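Chains as they are written, first to last, in the numbering used here: chain E, 1180 to 1542; chain P, 2 to 339.
One structure is given below, encoded as structure tokens.
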């Protein structure tokens, strides 16, 4: 199957990469900080060794783009509390299993006998619910605009099928309020490498406030080395020319209007609410709650649980790392107390987390 | 007349056990040492150094594209001996069987084990069978132990104590096929691939290399944890570093595609027929040439070298020209891969 790698190899072409690095060097004149706000970018930047190719003036910051990392401990505590109930099955994506709550994690509960199953799709969770009609099956919905439509479609499907023992605990979030908040709080960001997958759903319009209000450019980027380097180049040009706008580098996937069907599905099931972001606190209008009409699928409303008091981890500076104020190396715990084998904060758990990516690729 | 399924009675030590041993295990593993039927196998060994290893196999599913748990149980143990520089000779095989396993399946597994043992030139000389209640194990678990003869001049190979800066790192072919074949065989509905496990006994290929050059400093089979884990182990050994060139490491395009799709890094995915060698730079070319003459080494390649300067780290030169460290895997990438 020689054609199989099409759309990947071209974007990992050494010569094109070399050419882009040269162009970046030519126009890089002053110190700039560029922030990526998608965990996929964080991971790709470190995996391909991109920082080692860039001139030293360019500082790449990782923002709050890893869904697991910004998920509050209270959410984990609630899911853990559900998992301790005899008649509950937790059907979850794998990356949530090791995330520490205040005193436990799904992984620990599983070893104590909780029924925690890893699924690759919300539809698998609904299937588990149909196969176990006497159990309550809870799917923890996390992630941004990328994953929220999938959860919404799952809920709609469960209603159609009449799967009454299926529930979602939503911690879904939307990205723009956090991006605006960072600049508003004074974090020095000269340009955003904007999230490719989120934008595939939302389109490019959601970022228009950022150049308009704050004079910071956004380039929506793909995930391959050529994509990321080209996006950096485009941001540098915006900075040099003082022409701040939202540009799409990831044109082969992202349309300015987004994915209308997915947006409608999301809108149908979720409504905007204030939400808690780990390391940030409450960000107004940044969360997605399940609408009243779909309330019977809302685990928060339908399942009682004794949730322990949430205790934040001490010493872990995830919050400042998620805001781009500090880098993983600046954390006292990084690499000694907090490792991928024994993570303290969720930024070390998820492979999209900045601490995890730095620990594995850039220690 | 044999039953169609394994019964608890097949593990009782009574008549059913004897029938099973005779009609399945003896028939396939057939050799004079096994047929002595004593409580221990009694055998003669040349020389005075032995290599001894053991491994348990719990792969899920028991049949996967390119092999099954039985073939794996032979290859894995043969390879553990061979990469220590030993010549594998004798194998023990212990079976823990779940009640209800189809006898047909057991026989298919056992016959492939026998075939692989013949191919590798080892004798299965002793064994054990236990049957547990349904649900108390998953179909079939196998433990094999192996004994090999070790020439004193290869004592340094398993510890890697002679590794020096400048040594070349060689692999005998494309990585990550086993892990992805097993992954594809697991319940992925609508997921159809032609990926085959690379499961194979490497003692022939390794013996060929050892006969050709004197400069083999270290060998390890890159199984669970994949190539990256072996490279990290080498890097952690005595403070030397490892430099690896991503584009030099062979990966089949279908394996690469599946890894991309499912988010796996092929460097961390399990292999069952790959040996990583560290050799004297003067011998590197000869080793690659020799390997390439063997069907199991056609795509052998130099993938990196030992360096003095990276302070016990493995550094990867990425295919796009970047540089980063390569770390050991934390936790399992895939449970029950072998």
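Ideal Cβ positions, reconstructed from N, Cα and C, are used throughout, including at glycine.
Predicted, not measured: the structure shown is a model, and the values here were computed from it.
Please work out which residues of its chain come closer than 6 Å, Cβ to Cβ, to residue i, disregarding the five sequence neighbours upstream and downstream, and give them in chain order.
i, result
"residue 1183 (chain E)", "At residue 1183 (chain E), the pLDDT of 49 sits below 50, so the modelled position is not reliable and the matter cannot be decided from this model."
"residue 1539 (chain E)", "none"
"residue 1180 (chain E)", "Low confidence applies here, because residue 1180 (chain E) scores a pLDDT of 43, under 50, leaving its location unreliable; read the following figure in that light. The answer is none, since no qualifying residue turns up."
"residue 1274 (chain E)", "1247 and 1529"
"residue 1541 (chain E)", "1225"
Rounded to a whole number of angstroms, what is the C-alpha to C-alpha distance between residue i and residue j?
i, j, result
"residue 1321 (chain E)", "residue 322 (chain P)", "35 Å"
"residue 1295 (chain E)", "residue 1477 (chain E)", "19 Å"
"residue 1470 (chain E)", "residue 1449 (chain E)", "5 Å"
"residue 255 (chain P)", "residue 118 (chain P)", "29 Å"
"residue 127 (chain P)", "residue 213 (chain P)", "34 Å"
"residue 1525 (chain E)", "residue 1331 (chain E)", "25 Å"
"residue 149 (chain P)", "residue 174 (chain P)", "25 Å"
"residue 98 (chain P)", "residue 1323 (chain E)", "46 Å"
"residue 33 (chain P)", "residue 27 (chain P)", "10 Å"
"residue 206 (chain P)", "residue 285 (chain P)", "15 Å"
"residue 1358 (chain E)", "residue 1326 (chain E)", "18 Å"
"residue 143 (chain P)", "residue 96 (chain P)", "5 Å"
"residue 253 (chain P)", "residue 1220 (chain E)", "26 Å"
"residue 1191 (chain E)", "residue 1519 (chain E)", "27 Å"
"residue 1436 (chain E)", "residue 187 (chain P)", "38 Å"
"residue 45 (chain P)", "residue 91 (chain P)", "11 Å"
"residue 1199 (chain E)", "residue 1412 (chain E)", "8 Å"
"residue 68 (chain P)", "residue 267 (chain P)", "20 Å"
Closest Cβ-Cβ distance between residue i and chain E: below 8 Å?
i, result
"residue 323 (chain P)", "yes"
"residue 130 (chain P)", "no"
"residue 199 (chain P)", "no"
"residue 328 (chain P)", "yes"
Which chain P residues sit within Cβ distance under 8 Å of residue i?
i, result
"residue 1231 (chain E)", "323, 324 and 325"
"residue 1412 (chain E)", "Ordered by position in chain P, no residue passes the 8 Å Cβ test against residue 1412 (chain E), which lies about 15 Å from the chain."
"residue 1515 (chain E)", "Here the premise fails: no neighbours, minimum Cβ distance about 14 Å."
"residue 1541 (chain E)", "325 and 326"
"residue 1191 (chain E)", "320 and 321"
Residue i: buried (16+ other C-beta within 10 angstroms of its C-beta) or exposed?
i, result
"residue 1426 (chain E)", "buried"
"residue 1376 (chain E)", "buried"
"residue 244 (chain P)", "buried"
"residue 1300 (chain E)", "exposed"
"residue 1409 (chain E)", "buried"
"residue 192 (chain P)", "exposed"
"residue 1188 (chain E)", "exposed"
"residue 135 (chain P)", "exposed"
"residue 1434 (chain E)", "exposed"
"residue 1406 (chain E)", "buried"
"residue 166 (chain P)", "exposed"
"residue 1443 (chain E)", "exposed"
"residue 1243 (chain E)", "buried"
"residue 49 (chain P)", "exposed"
"residue 1453 (chain E)", "exposed"
"residue 1290 (chain E)", "exposed"
"residue 195 (chain P)", "exposed"
Quick one: what's got a C-beta closer than 7 Å to residue i's C-beta in the same chain, skipping five residues either side?
i, result
"residue 1209 (chain E)", "1236"
"residue 79 (chain P)", "89, 121, 123, 147, 202 and 204"
"residue 1257 (chain E)", "1348, 1484 and 1486"
"residue 112 (chain P)", "29"
"residue 1390 (chain E)", "1396, 1397, 1423, 1424 and 1425"
"residue 1288 (chain E)", "1259, 1262, 1263 and 1295"
"residue 1204 (chain E)", "1234"
"residue 1428 (chain E)", "1398, 1399, 1400, 1401, 1406, 1409, 1410 and 1413"
Is there at least one Cβ from chain P nearer than 8 Å to residue i's Cβ?
i, result
"residue 1287 (chain E)", "no"
"residue 1402 (chain E)", "no"
"residue 1278 (chain E)", "no"
"residue 1296 (chain E)", "no"
"residue 1429 (chain E)", "no"
"residue 1336 (chain E)", "no"
"residue 1473 (chain E)", "no"
Note down, in chain order, every chain E residue with its Cβ under 7 Å from the Cβ of residue i.
i, result
"residue 319 (chain P)", "1227 and 1228"
"residue 261 (chain P)", "1187"
List the residues of chain P whose Cβ lies closer than 9 Å to the Cβ of residue i, in chain order.
i, result
"residue 1197 (chain E)", "321 and 322"
Who are the near neighbours of residue i in its chain, counting only those whose CB is closer than 8 Å to its CB and skipping five residues on each side?
i, result
"residue 1432 (chain E)", "1375, 1379 and 1401"
"residue 82 (chain P)", "52, 54, 88, 89, 147, 148, 149 and 204"
"residue 1206 (chain E)", "1412, 1415, 1416 and 1419"
Since residue i meets chain P, which of its residues come closer than 7 Å, beta carbon to beta carbon?
i, result
"residue 1291 (chain E)", "By Cβ distance, chain P contributes nothing, its closest Cβ being about 18 Å from residue 1291 (chain E), past 7 Å."
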